[in-house]
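Undergrad: The sequence shown lines up with residues 3 to 250 when you count with the working numbering.
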Amino acid sequence: MARQFFVGGNFKANGTKQSVKSIVENLNSEELPKDVEVVICPPALYLGLTVDLNKQPTVEVGAQNVFDKACGAFTGENIAEQVVDLGAKWTLTGHSERRTIIKESDDFIAEKTKYALDKGLKVILCIGETLDERKSGITLEVCARQLDAVSKIIKDWSKIVVAYEPVWAIGTGLAATPEDAEETHKQIREHLAKTIGEDQAEKIQILYGGSVNGKNAPEFKDKKNIDGFLVGGASLKPEFVSIIKSRL
Ligand code: PEP
């Protein structure tokens, strides 16, 4: 079945009001393909600004992280209801920088994913192995463990997009080869077929993330199980548009 091509941009903790404004205005000025879903995730401080500036009908805005509880005494957290209030439609959960630097557990990420969905956000759920885990041959085991924490508490995956992002490929310039990425995506989909059912597994978009840029994006074009990209560094540059157009 045909799954819609999807490109996410994760600005991480980068930018200023001015630089975020120029990224969004650059996107606004482009003729983007109508059949590509685009989600940009600026720092939380610029979410409202990004929503207000965005004029592209195929571009939606997302947070990079949300908490697993409602408004209250949680200093510094992003609250899903407030993300919705700002007009954003998405959030990332489980980005490897949060798993490894902030030490978020699989179960906490699953709870955050559930809370975000319950409050009406769509979720890009990030998974992926570290270099040591890859070298030990446990890539699929790690991805399966991260996915299972979510499938244990969430049955409806229709508002979830999975981003497979090998940690060793993020921000390093060392993208996985299209063949390696396709093989892991295929295994992830097979695993999902067993846990959430074949129908949902067939429909779910699985993005590849890790050093994707304007030059290498077209190399992933013919890979059956790669439904798009989650892009970090290159989403801050004009080449993000080439990635969005890489399937034309
Ligand atoms: C990311 O942060 O999700 C990412 C994939 O980063 P980069 O594209 O810079 O490797």
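Idealized CB from N, CA, C, for every residue including glycine.
Here the structure is a predicted model, which means the values were calculated and not measured.
Can you tell me whether DSSP reads I198 as helix, strand or coil?
TA: In the sequence shown, counting from the first residue as 1, residue 198 sits at position 196. Helix.
Undergrad: Look up T93 in the DSSP assignment and say whether it is helix, strand or coil.
TA: The residue you call residue 93 lines up with position 91 of the sequence shown. Here T93 sits in strand by DSSP.
Undergrad: Taking just the CA atoms, how far does T179 sit from I25?
TA: Residue mapping note: residue 25 aligns to position 23 of the sequence shown, counting from 1. Residue mapping note: residue 179 aligns to position 177 of the sequence shown, counting from 1. Distance between the alpha carbons of I25 and T179: 28 Å.
Undergrad: Closest to W159 by C-alpha separation, out of P35, L142, D201 and L176, would be which residue?
TA: Here residue 159 refers to the residue found at position 157 when the sequence shown is read from its first residue. When only C-alpha atoms are compared, the closest one is D201.
Undergrad: Taking the Cβ atom as the reference point for each residue, do F222 and V9 lie within a distance shorter than 7 Å?
TA: The count along the sequence shown starts at 1 and reaches residue 222 at position 220. The count along the sequence shown starts at 1 and reaches residue 9 at position 7. Contact: no.
Undergrad: Taking all protein chains shown into account, decide if Q66 is buried (16 or more other Cβ within 10 angstroms of its Cβ) or exposed.
TA: Along the sequence shown, read from residue 1 onward, the residue named residue 66 stands at position 64. Its Cβ being crowded by 16 or more others within 10 Å, Q66 is buried.
Undergrad: Using the DSSP secondary-structure output, state which residues sit across from Y210 in a beta bridge.
TA: Against the sequence shown, residue 210 aligns to sequence position 208. Per DSSP, Y166 and F231.
Undergrad: May I ask you to report which of helix, strand or coil DSSP gives L127?
TA: The residue you call residue 127 lines up with position 125 of the sequence shown. Here L127 sits in strand by DSSP.
Undergrad: Heavy atom of ligand 1 less than 6 Å from the Cβ of E221, yes or no?
TA: Along the sequence shown, read from residue 1 onward, the residue named residue 221 stands at position 219. Not under cutoff, so the answer is no.
Undergrad: Please tell me whether A86 and G122 are closer than 7 Å, where the distance is taken between their beta carbons.
TA: Taking the sequence shown and counting its residues from 1, one reaches residue 86 at position 84. Taking the sequence shown and counting its residues from 1, one reaches residue 122 at position 120. The residue you asked about is not Ala; residue 86 is Val in the sequence shown. Contact: yes.
Undergrad: Where do the ends of the beta strand (DSSP E) carrying G122 lie?
TA: As a position in the sequence shown, residue 122 is number 120, starting the count at 1. Careful: G122 lies outside any beta strand (DSSP E) and carries neither H nor E.
Undergrad: For E135, name the three-state secondary structure that DSSP assigns.
TA: On the sequence shown, position 133 is the one that residue 135 refers to. If DSSP states are grouped into helix, strand and coil, E135 belongs with the helices.
Undergrad: Which of helix, strand or coil does DSSP assign to A72?
TA: Indexing the sequence shown from 1 puts residue 72 at position 70. Coil, per DSSP.
Undergrad: Roughly how many angstroms lie between the CA atoms of N215 and T77, to the nearest whole one?
TA: By one-based count along the sequence shown, residue 215 stands at place 213. By one-based count along the sequence shown, residue 77 stands at place 75. Between N215 and T77, the C-alpha separation is close to 36 Å.
Undergrad: For T95, which residues from the same chain have a beta carbon less than 6 Å from its beta carbon, with the 5 sequence-adjacent residues on both sides left out?
TA: Residue numbering aside, residue 95 sits at position 93 when the sequence shown is read from its first letter. Counting only Cβ-Cβ distances below 6 Å, and skipping sequence neighbours, we find I111, K114, T115, V125 and L127.
Undergrad: Could you tell me if I162 is buried or exposed, where buried requires 16 or more neighbouring beta carbons within 10 angstroms of its beta carbon?
TA: As a working note, residue 162 is residue 160 in the sequence shown. Buried is the call here.
Undergrad: Does DSSP classify F1 as helix, strand or coil?
TA: Outside the displayed span of the chain (3 to 250) sits residue 1, for which this structure offers no information.
Undergrad: In the DSSP output, what is I42 paired with across the bridge?
TA: Taking the first residue of the sequence shown as 1, we reach residue 42 at position 40. BP columns for I42 point to G11 and V63.
Undergrad: Rounded to whole angstroms, what is the Cα-Cα separation between K14 and I104?
TA: Here the question's residue 14 lines up with position 12 in the sequence shown. Here the question's residue 104 lines up with position 102 in the sequence shown. In a straight line, the C-alpha of K14 is about 14 Å away from that of I104.
Undergrad: Closest by CA to I228, which one among R191, G17, L55 and G175?
TA: The residue given as residue 228 occupies position 226 in the sequence shown. For I228, the nearest C-alpha among the options comes from R191.
Undergrad: Can you look up T102 in the DSSP assignment and give me helix, strand or coil?
TA: The residue labelled residue 102 in the question sits at position 100 within the sequence shown. In this structure, T102 counts as helix in the three-state DSSP scheme.
Undergrad: Taking 6 Å as the line, does the beta carbon of G122 fall inside it for any heavy atom of ligand 1?
TA: For the purposes of this step, residue 122 is taken as residue 120 along the sequence shown, with counting starting at 1. Flag unset: Cβ of G122 not near ligand 1.
Undergrad: Tell me the DSSP secondary structure of R5 in three-state form.
TA: As a working mapping, residue 5 is identified with position 3 in the sequence shown. Reduced to three states, the DSSP call for R5 is coil.
Undergrad: Just to confirm my understanding: we take R147, look at its own chain, exclude 5 residues before and 5 after, and list those with CB closer than 7 Å. What are they?
TA: Your numbering for residue 147 matches position 145 in the sequence shown. Only D108 meet the Cβ criterion.
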